[in-house]
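As structure tokens, the structure follows; a few thoughts come after it.
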Amino acid sequence: MELTMRNSIVFFAAAVALIATPTSAQNTGMKDMAVDMSVLPQACQAALKDMKMSQIMGAMEMSKITGATGMPGADQAAMTEAQKASMQAMMKMQMPMMMTHVIKDADLAFNCGMIVHHQGAIDMANVEIKFGKDPMSKAMAERIIKDQKAEIVEMTARVEKMKAN
């Protein structure tokens with residue numbers, strides 16, 4: 014899929030605005046295109062603000078190619094609520110995770126990307142808890158939530174320390 018210039022400009026403007034103000038995704042009326050960066054610690058958001066426009070655009074275009082805006086060919090009207098919730102969790106994670114990998118510092122990029130990835134795992138585990146029926150899968154989802162939250166705390170402390178140095 015090729016982005017038109019207009020779509021690129023709109024995408025970029027939304028991303029820049031949302032990096033600057035993470036909670037604005039809910040207030041823009043552009044929920045389908047919004048990038049929720051609120052899961053990222055301040056150090057990750059600051060590193061992204063330092064990136065050149067071309068780098069951010071590249072990450073956004075790659076995210077679009079890899080399906081962050083929805084599954085091509087998926088009939089969302091025919092999807093169950095569980096499928097919709099699962100897809101929403103994946104799409105919420107995709108673009109912020111791609112954007113973190115334009116950060117030049119490899120350690121910071123890795124940790125920032127993994128924070129988003131772990132939050133995605135938590136969101137998907139919550140889908141299992143809400144819609145799943147298998148007790149063992151639900152128990153696994155609960156363990157994932159506990160473990161991933163602890164690792165997010167650890168990585169957040171690490172990136173804040175990295176950025177301070």
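Just so it is clear: in the sequence shown, position 112 is 125 by this note's numbering, and no numbers are missing.
Every residue gets a Cβ at the ideal spot worked out from N, C-alpha and C, and that includes glycine.
Given the structure is predicted, the values throughout are model-derived calculations rather than measurements.
Helix or strand or just coil, what does DSSP make of residue i?
i	result
Asn-131	Note on residue identity: the sequence assigns His, not Asn, to residue 131. Helix at His-131.
Thr-93	coil
Ser-51	coil
Lys-146	coil
Ile-158	helix
Lys-151	helix
Asn-178	coil
Ile-165	helix
Val-115	coil
Asp-136	helix
Under the rule that 16 or more other beta-carbon atoms within 10 Å means buried, what is residue i, buried or exposed?
i	result
Gln-39	For Gln-39, the predicted structure reports a pLDDT of 39, less than 50, and the residue's modelled location is therefore unreliable. The matter cannot be settled from this model.
Pro-148	exposed
Asn-124	buried
Ala-177	exposed
Asp-49	buried
Gln-132	buried
Gln-55	exposed
Ala-134	buried
Looking at residue j and residue i, is the spacing between their C-beta atoms short of 7 angstroms?
i	j	result
Ile-142	Ala-154	yes
Gly-92	Ile-128	According to the sequence as given, residue 92 is Met; it is not Gly. No; because the gap between Cβ atoms is not below 7 angstroms, this pair is not in contact.
Asp-63	Ala-102	no
Ala-138	Ile-158	yes
Leu-121	Ala-60	yes
Val-140	Ala-90	no
Gly-126	Met-110	yes
Please name the residue, chosen from the options, that lies closest to residue i on a Cα-to-Cα basis.
i	options	result
Met-108	Arg-171, Glu-94 and Leu-53	Leu-53
Met-175	Ala-95, Ala-119 and Met-100	Ala-119
Lys-146	Gln-58, Ala-95, Val-172 and Gln-161	Ala-95
Asp-160	His-130, Glu-173 and Phe-144	His-130
At a threshold of 6 angstroms, does residue i count as lining the ligand COA (C-beta to nearest heavy atom)?
i	result
Met-127	What this structure holds is no ligand at all, so the ligand COA is not there to describe.
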